[in-house]
Every structure is written in structure tokens, then in C-alpha cells.
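Comments concern the structure below.
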Amino acid sequence: MFKPLSDASKNRVHLFGRRKGKRLRDSLRQAIKHDLPNVRIDAASINSPCDPKQFFEPKHETIWLEIGFGGGEHLAAQAKANPQVGFIGAEIFENGIASLLRQSATAALKNIRILDSDAREFLPMVGDNSLDRVFLLYPDPWPKKKHAKRRFICQATLDQLARIMRPGAEFRIATDHPEYARWCLRHAPVHPAFQWVISGPNDWRCRPEDSIATRYEQKAIREGRTPMYFSFLRNPG
Ligand SMILES: C[S@@+](CC[C@H](N)C(=O)[O-])C[C@H]1O[C@@H](n2cnc3c(N)ncnc32)[C@H](O)[C@@H]1O
Numbered sequence: 019m020f021k022p023l024s025d026a027s028k029n030r031v032h033l034f035g036r037r038k039g040k041r042l043r044d045s046l047r048q049a050i051k052h053d054l055p056n057v058r059i060d061a062a063s064i065n066s067p068c069d070p071k072q073f074f075e076p077k078h079e080t081i082w083l084e085i086g087f088g089g090g091e092h093l094a095a096q097a098k099a100n101p102q103v104g105f106i107g108a109e110i111f112e113n114g115i116a117s118l119l120r121q122s123a124t125a126a127l128k129n130i131r132i133l134d135s136d137a138r139e140f141l142p143m144v145g146d147n148s149l150d151r152v153f154l155l156y157p158d159p160w161p162k163k164k165h166a167k168r169r170f171i172c173q174a175t176l177d178q179l180a181r182i183m184r185p186g187a188e189f190r191i192a193t194d195h196p197e198y199a200r201w202c203l204r205h206a207p208v209h210p211a212f213q214w215v216i217s218g219p220n221d222w223r224c225r226p227e228d229s230i231a232t233r234y235e236q237k238a239i240r241e242g243r244t245p246m247y248f249s250f251l252r253n254p255g
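19 is the number of the first residue of the sequence shown in my numbering; add one for each residue after it.
Okay, here's the thing in C-alpha cells:
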């Protein structure tokens, strides 16, 4: 069952995205009912600080997190290509969770766990130096100035990511929104824990070779917008 945020977490941060969309087809409803409990990370029952390896059996030494995985096609492709890695996908939108569950079942993927609640609530519960890679692909841009404080990238989330990412871990961001891109570059590279990895003037135009276009990216390209890709490394120390 797709559970609402716990009362405690409701008190801490307000969730701005939508959790429900179109009524789920029967097969997807069944996936939520039967498959989600097997891979669900229940934020309300986590003992903090947690080692994310504990969510996997057998254990994975390397853990990657995708925040807001949408339809889950990028996460499923990464999980298939990297069976040695344990993947945590965070998403609040029920239809997206059902879609990832279906892809995961079709490809018989065993290395995905799903956090069906606000990623901003989860980060503070994770122990130091726990994550080896983090993806934030096409976060909601909240384009109006008065909504900028809703953006996922902010001092507080960067501080948390800095704490929970291992030195050398990569933080990948993609956006098609020029103001969000500027916003990221005003925040992430100036954070003392992160450095922007850039080897040429056109780097930001090229999707990493080991990545696929997400559903949102495909739509952005169809509608004439330009994807931008940023990679930040967690500095040592
Ligand atoms: C614009 S969509 C992009 C989806 C996907 N990454 C893609 O590129 O197709 C942003 C996604 O982030 C999810 N999201 C927004 N805030 C979130 C949060 N605090 N925790 C987890 N997911 C969140 C939304 O539900 C939505 O599916």
C-alpha cells in the first residue's frame, strides 16, 4: 500500500510535488500492492543514522541514489547495466513508482530499493560517507522567483549530500531549464565539498555516455528545449 508521509515528517518539510496522477491500470495497482512491499524503504521505520547497505540482501558494497526517478527508465537501465551496485530510487509519484516496479519485474532486477517518500526527509537519516553516486535528473524547476526556495538544490540538501557522499563520489544533475542550470552553478560548485568536473566548453551539452535519456528529457528535446548536464565530485576530506 502506498503510505502517506508520517506525521513527524509532515511537520518538517512541506511536499510540493503531486503524489497521485491518472488512475493506475490494474496491473500497475497490483505492482504497488504486491511488489512494492518487497523493495520498499519505509522512511518511518529507519533507525537513523542508517547504513543504506542494510536495505540490500545480498549486500552491495556500492550504493547509488536517484532522487525523483519519475518513470524510472533511467534507474532501471542503470540497475541492469550495473548489477554489482545497489540502487535506491526516491520518488513520491505513485504512477512513477508503479512504472519502475513493472520495469524491474520485467528485467528481473534484484538491486533496486524504492523510497516512496520525500527524499529530503531521507537524506538526514543516512549515515556519513554512505553513497557512491547520486542522480538528480530534471528536478522540478520551480521557475517563479517566489518558489525558488522549493528547489531541491539548496544549501541544506547540498550540506546533507556532502555529508552522506563518499569522497570522490559523483553527483549528476540534468536540467532543461536555463534558470535552474544557473541556480545549480550558483550553489553546487561554490559549496566547499563539491567541485564541478568539466573538461571542455561543451561538456554540459553531452549526456554521460553511460546514461540514457529520461522520459522528461525526451519530452524536453521534442519540445525544443536543450538538456544540460552537470557532474560534481565530492571533494576528499
Ligand atoms: C520533472 S520530474 C523528472 C522525473 C525524471 N527524473 C525524469 O527525468 O523523467 C521530477 C520528479 O521528481 C519527483 N520529486 C519531486 N520532489 C521530490 C522529493 N522531494 N522526493 C522524491 N521525489 C521528488 C517528482 O514526483 C517528479 O516525478
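For every residue, glycine included, the Cβ atom is placed at its ideal position computed from N, Cα and C.
These numbers come from a predicted model, not from an experiment.
From residue i to residue j, what does the alpha carbon distance come to, in whole angstroms?
i, j, result
"residue 174", "residue 76", "33 Å"
"residue 84", "residue 51", "22 Å"
"residue 124", "residue 118", "10 Å"
"residue 170", "residue 157", "7 Å"
"residue 57", "residue 115", "11 Å"
"residue 206", "residue 66", "26 Å"
"residue 129", "residue 74", "7 Å"
"residue 63", "residue 247", "35 Å"
"residue 223", "residue 134", "31 Å"
"residue 193", "residue 168", "16 Å"
"residue 36", "residue 108", "14 Å"
"residue 211", "residue 226", "22 Å"
"residue 182", "residue 146", "4 Å"
"residue 29", "residue 136", "With a pLDDT of only 41 at residue 29, under 50, the local geometry of the prediction cannot be trusted, and the value read off the model is given with reservation. Straight-line Cα distance between these residues: approximately 12 Å."
"residue 122", "residue 155", "19 Å"
"residue 255", "residue 80", "19 Å"
"residue 209", "residue 98", "33 Å"
For residue i, which residues in the same chain have their Cβ closer than 6 Å to its Cβ, ignoring the five residues on either side in sequence?
i, result
"residue 195", "159"
"residue 215", "249 and 251"
"residue 131", "57, 59, 73 and 106"
"residue 42", "116"
"residue 243", "194"
"residue 180", "211"
"residue 199", "193 and 246"
Skipping 5 residues on each side, what residues in its chain have a beta carbon closer than 8 Å to that of residue i?
i, result
"residue 82", "96, 100, 103, 104, 105, 106, 149, 150, 151, 152 and 153"
"residue 172", "205"
"residue 230", "91, 92 and 95"
"residue 39", "111, 112 and 113"
"residue 120", "45, 46 and 49"
With DSSP as the reference, please indicate the residues paired to residue i in a beta bridge.
i, result
"residue 58", "132"
"residue 249", "190"
"residue 151", "82 and 188"
Quick check on residue i - is its C-beta less than 8 Å from some C-beta in chain B?
i, result
"residue 139", "Among the protein chains of the structure shown there is no chain B, as only one such chain exists."
Near residue i, which residues of its chain fall below 7 Å by C-beta distance, leaving aside the five closest residues on each side in sequence?
i, result
"residue 178", "141 and 142"
TODO: Would you check if there are 3 or more beta carbon pairs closer than 8 Å linking the stretch 139-151 to the stretch 172-188?
DONE: yes
Task: Whole runs of the beta strand (DSSP E) within the stretch 64-149, excluding any shorter than 3 residues - done: 80-85, 103-108 and 130-133
Task: In chain order, each beta strand (DSSP E) run of at least 3 residues that lies wholly inside the stretch 157-239 - done: 183-193 and 212-214
Open item on the list: For the structure I just gave you, are there three or more beta carbon pairs, one from the stretch 36-51 and one from the stretch 60-71, closer than 8 Å?
Closed with: no
Open item on the list: Would the stretch 233-244 count as touching the stretch 82-99 if we require 3 or more Cβ pairs under 8 Å?
Closed with: yes
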